[in-house]
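Numbering (our numbering), first residue to last: 35 to 180.
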C-alpha cells in the first residue's frame, strides 16, 4: 500500500483506484454499487470544475491550454484525427466515439462500428482524402467497405 501511495500523484490507475476505493470505504458500499460506477465515470471528466483526478492532485503531463487545444484539434498523427473528423463531419450519425472505435447510425440497417485498434492508423495522411470525398457517413462507410 505504501508503494501505491508513493506513485498516486503520477500513475493514473493508482489515483483512480484510491478515489474509488476511498469513496467505497467511506460510504460502506459494495464493489458493484452504481455510485462507484458514477465515480468511475466522473474521474475521467476533464472539465476542471468536475475533474476528480485534478481534485486529488494527479500530476498532468500537459499544460491546460494544450489540453483545451487538443479537445478541438486532435493530433493529426494518430487515430484521434479520424475520430475527431468523424465527430465534426457527421455529428448526427455518430452514436458513440471512443478510444478504439466510432459507431454510426446511418438510418438504415444495424449500427455500424468502425474499429480503430491501431493508434497509428486513422492519421491525417492516411484518411484525409477519404474523409474529404465522403459527403455523408454512409459514403464513408461504403468507401471503407471497399
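For every residue, glycine included, the Cβ atom is placed at its ideal position computed from N, Cα and C.
> Looking at the unbroken beta strand (DSSP E) that takes in residue 181, where does it start and where does it end?
Replying inline: The requested residue 181 does not occur in the structure, where the chain is confined to residues 35 to 180.
>> Assuming residue 147 is part of the beta strand (DSSP E), what are its boundary residues?
In response: In the chain shown, the residue the question calls residue 147 occupies position 113. Its beta strand (DSSP E) spans residues 146-149.
> From residue 99 to residue 93, what does the alpha carbon distance come to, in whole angstroms?
Replying inline: Locating residue 99 in the chain shown gives position 65, where the first residue counts as 1. Locating residue 93 in the chain shown gives position 59, where the first residue counts as 1. So the two alpha carbons sit approximately 15 Å from each other.
> Can you find at least 3 beta carbon pairs, one from the region 114-134 and one from the region 75-91, that sit closer than 8 Å?
Replying inline: no
>> What would DSSP say about residue 140, mapped onto helix, strand or coil?
In response: In the chain shown, residue 140 corresponds to position 106, counting from 1. The answer is coil: DSSP assigns residue 140 none of H, G, I, E or B.
> Taking just the CA atoms, how far does residue 101 sit from residue 89?
Replying inline: Along the chain shown, read from residue 1 onward, the residue named residue 89 stands at position 55. Along the chain shown, read from residue 1 onward, the residue named residue 101 stands at position 67. Distance between the alpha carbons of residue 89 and residue 101: 17 Å.
>> I need the DSSP call for residue 98, collapsed to helix, strand or coil.
In response: Walking along the chain shown from the start, residue 98 turns up at place 64. Helix, per DSSP.
>> Going by beta-carbon coordinates alone, are residue 147 and residue 113 separated by less than 8 Å?
In response: Here residue 147 corresponds to residue number 113 of the chain shown, with the count starting at 1. Here residue 113 corresponds to residue number 79 of the chain shown, with the count starting at 1. No, the pair does not count as a contact, with Cβ atoms beyond the cut-off.
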